[in-house]
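A.B. asks: What follows is a structure written as structure tokens; I'll ask about it next.
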Ligand code: FES
Ligand SMILES: [Fe+2]
């Protein structure tokens with residue numbers, strides 16, 4: 001399968017000479033009608049993306065979702081397991097989320113009833129024609145955990161989906177939700193992830209004072225960072241965290257806040273049409289005040305993202321003057337440019353000849 005390497009960045013200091021992509025945002029425009037600011041080209045990075053809450057895909061429902069400029073469908077087979085496929089029927093391109101039906105563990109197009117199995121291959125054409133070899137939907141790796149549905153945007157996962165192996169239903173309570181941002185965020189997920197390595201902005205923009213931090217690169221897809229923070233007015237008590245950054249879009253942490261267990265996974269998914277969307281899973285111990293604790297944590301995360309959004313939406317990433325205190329952030333941004341990307345067309349073409 002052809003894989004598109006990360007294309008050049010509008011950042012002068014990172015630019016690959018011949019492939020620079022100009023920033024397209026006009027700060028005077030309303031963000032709702034704006035193109036992505038730092039779109040690194042068509043498609044998306046090959047990452048695990050949170051795409052929907054489990055509750056939004058009940059049995060029998062076919063849900064359409066977007067990753068970058070690609071459209072996918074999600075449905076639950078008769079066995080209850082989530083499936084994720086490319087969204088457009090191979091016959092004449094009907095959108096399977098518009099009237100498509102779940103049949104067994106497969107899906108049937110509403111238009112002429114071509115039926116695809118759970119591997120994405122067309123299994124039946126009721127008009128009696130021979131099934132063309134190219135009649136295959138792209139079948140994405142998918143997982144469901146803590147009430148969230150995740151899809152790997154690529155043929156095979158480059159790394160395992162982050163989880164909490166020691167989550168115990170008896171002891172812990174988890175809440176997953178989509179963050180309702182106050183404005184559409186037009187930068188790709190990697191830019192928000194860059195924020196995690198940007199200790200200085202945490203202090204001045206978010207009033208979170210990181211008193212100690214270290215970064216370790218585990219492999220090209222994962223990093224570990226340790227933080228000790230004073231949360232200022234945002235939350236009572238200090239914060240100690242080990243942060244694992246997965247792909248370019250996701251964090252997993254285990255730590256405590258104000259003496260209370262706090263684990264969370266925060267991840268985002270790009271959509272050219274809808275902007276970047278964030279999903280969080282927050283876990284704490286089952287004890288008095290757990291619901292209020294989760295409410296406060298959710299509000300704090302929304303506030304932090306809302307503080308970033310207007311700045312990220314209106315930046316011009318050109319001719320940057322990175323300084324030594326930006327080192328961790330600079331390293332991460334460089335790794336983003338090398339990280340593999342792929343387009344929906346490339347994924348769909350990869351199964352046409354199988
Ligand atoms: S468009 Fe799907 S079966 Fe014809
Ligand atoms: Fe931030």
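Residue numbers (the UniProt record's numbering): 1 to 354.
C-beta: ideal position from N, C-alpha, C; glycine also.
#1: Let me check one thing: in DSSP terms, what residues is residue 66 bridge-paired to?
#2: Three-state secondary structure (DSSP) at residue 387?
#3: How big is the Cα-Cα spacing for residue 163 and residue 229?
#4: So, is residue 50 buried or exposed, given that buried needs 16 or more other C-beta atoms within 10 angstroms?
#5: What does the Cβ neighbour count give for residue 308, buried or exposed, with the cut at 16 atoms within 10 Å?
#6: Whether or not the region 280-291 and the region 83-102 are in contact is what I'm after, with contact meaning three or more pairs of Cβ atoms, one per stretch, closer than 8 Å; do they touch?
#7: Less than 8 Å between C-beta atoms, sequence neighbours within five positions excluded: which residues of the same chain meet that for residue 213?
#8: What are the start and end residues of the alpha helix (DSSP H) that includes residue 201?
#9: When every heavy atom of ligand 1 is checked, does at least one fall within less than 8 Å of the C-beta of residue 111?
#10: Return yes when the C-beta of residue 92 is under 8 Å from any heavy atom of ligand 1, and no when it is not.
#11: Looking only at C-alpha atoms, which of 193, 79, 209 and 172 sits nearest to residue 330?
#12: For a test of your reading of the model: does the CB of residue 206 fall under 8 Å from any non-hydrogen atom of ligand 2? Yes or no.
#13: Beta carbon of residue 307: closer than 8 Å to some heavy atom of ligand 2?
#14: With distances taken Cα to Cα, identify the nearest neighbour of residue 324 among 79, 110, 197 and 167.
#15: I need the boundaries of the alpha helix (DSSP H) containing residue 346, first residue and last residue.
#16: Along the chain, which unbroken stretches of the beta strand (DSSP E) at least 3 residues long are found entirely within the region 260-317?
#17: For residue 326, does the three-state DSSP call read helix, strand or coil?
#18: Would you kindly work out how many angstroms separate the C-alpha atoms of residue 257 and residue 190, rounded to a whole number?
#19: According to DSSP, is residue 92 helix, strand or coil?
#20: So, is residue 216 buried or exposed, given that buried needs 16 or more other C-beta atoms within 10 angstroms?
#21: Assign residue 206 to one of two classes, buried (16 or more other C-beta atoms within 10 Å of its C-beta) or exposed (fewer than that).
#22: Could you check whether residue 274 and residue 171 sit closer than 9 Å to each other, using their CB atoms as the reference points?
#23: Using 8 Å as the threshold, is the region 113-121 in touch with the region 148-155, meaning 3 or more CB pairs across them?
#24: Among residues of its own chain, excluding the 5 on either side of residue 211, which ones have a beta-carbon nearer than 8 Å to its beta-carbon?
#25: List in chain order: all unbroken beta strand (DSSP E) runs of 3+ residues lying wholly within the region 168-218.
#26: Could you tell me whether the Cβ atoms of residue 71 and residue 61 are closer together than 9 Å?
#27: Does DSSP put residue 83 in a helix, in a strand, or in coil?
#28: Quick test of your reading: residue 280 and residue 177, contact by CB under 8 Å. State the CB separation rounded to the nearest angstrom.
#29: Take residue 141 and list the residues in its own chain whose beta-carbon comes closer than 6 Å to its own, dropping the five residues that flank it on each side.
#30: Do you know whose CA, among 161, 169 and 259, lies nearest residue 251's CA?
#31: Nearest to residue 103 by alpha carbon, out of 134, 48, 79 and 333?
#32: Within the same chain, show all residues whose beta-carbon is closer than 8 Å to that of residue 55, passing over the 5 residues directly before and after it, in chain order.
#33: Can you name, in chain order, every residue of its own chain whose Cβ lies under 7 Å from the Cβ of residue 255, other than the five neighbours on each side?
#34: To the nearest angstrom, how far is the alpha carbon of residue 47 from that of residue 186?
#35: Quick one: is residue 333 buried, meaning 16 or more other Cβ sit within 10 Å of its Cβ, or exposed?
#36: Around the Cβ of residue 106, are there at least 16 other Cβ atoms within 10 angstroms (buried) or fewer (exposed)?
C.D. replies: Straight from the coordinates:
#1: In the DSSP output, where bridge partners are listed per residue, residue 66 has 71.
#2: The requested residue 387 is not part of the displayed model; the chain covers only 1 to 354.
#3: In a straight line, the C-alpha of residue 163 is about 23 Å away from that of residue 229.
#4: In summary, residue 50 is buried, with 16 or more beta-carbon neighbours lying within 10 Å of its beta-carbon over all protein chains present.
#5: The residue in question, residue 308, is buried, as its Cβ has 16 or more Cβ neighbours within 10 Å.
#6: Output reads no: the region 280-291 does not touch the region 83-102.
#7: These residues qualify, in order along the chain: 199, 225, 226, 227, 228 and 328.
#8: Counting along the chain, the alpha helix (DSSP H) containing residue 201 begins and ends at 199-204.
#9: Closer than 8 Å to some heavy atom of ligand 1: that describes the Cβ of residue 111.
#10: Result yes, Cβ under 8 Å from ligand 1.
#11: When each option's Cα is compared against that of residue 330, the closest is 193.
#12: Residue 206: yes, Cβ under 8 Å from ligand 2.
#13: Yes, the Cβ of residue 307 comes within 8 Å of a heavy atom of ligand 2.
#14: Comparing Cα-Cα distances from residue 324 to each of 79, 110, 197 and 167, the minimum goes to 197.
#15: Bounds of the alpha helix (DSSP H) holding residue 346 are 344-350.
#16: The region 260-317 contains these whole beta strand (DSSP E) runs: 260-269 and 277-285.
#17: If DSSP states are grouped into helix, strand and coil, residue 326 belongs with the helices.
#18: Taking C-alpha positions only, residue 257 is separated from residue 190 by approximately 26 Å.
#19: DSSP, reduced to helix, strand and coil, places residue 92 outside both helices and strands of the structure shown, so it counts as coil.
#20: Exposed: under 16 other Cβ atoms inside 10 Å.
#21: Buried, since its Cβ has 16 or more Cβ neighbours within 10 Å.
#22: No. Outside cutoff.
#23: Contact fails: fewer than three Cβ-Cβ distances are below 8 Å.
#24: Contacts found: 228, 229 and 230.
#25: Fully enclosed beta strand (DSSP E) runs of 3 or longer: 172-178.
#26: The Cβ atoms of residue 71 and residue 61 do not sit closer than 9 Å to each other.
#27: DSSP places residue 83 within a strand segment (E or B) once states are collapsed to three.
#28: Correct: roughly 6 Å between the Cβ atoms.
#29: Excluding positions up to five away in sequence, the list reads 152 and 157.
#30: It is 161 whose Cα lies nearest to the Cα of residue 251.
#31: The candidate whose alpha carbon is nearest that of residue 103 is 79.
#32: Excluding sequence neighbours, residue 55 sits near 147.
#33: The beta carbon of residue 255 sits closer than 7 Å to those of 239, 240, 241, 242 and 262, all from its chain and outside the five residues before and after it, given in chain order.
#34: If you take the alpha carbons of residue 47 and residue 186, they lie about 19 Å apart.
#35: Classification for residue 333: buried.
#36: By the Cβ neighbour-count rule, residue 106 is buried, with 16 or more other Cβ atoms within 10 Å of its own.
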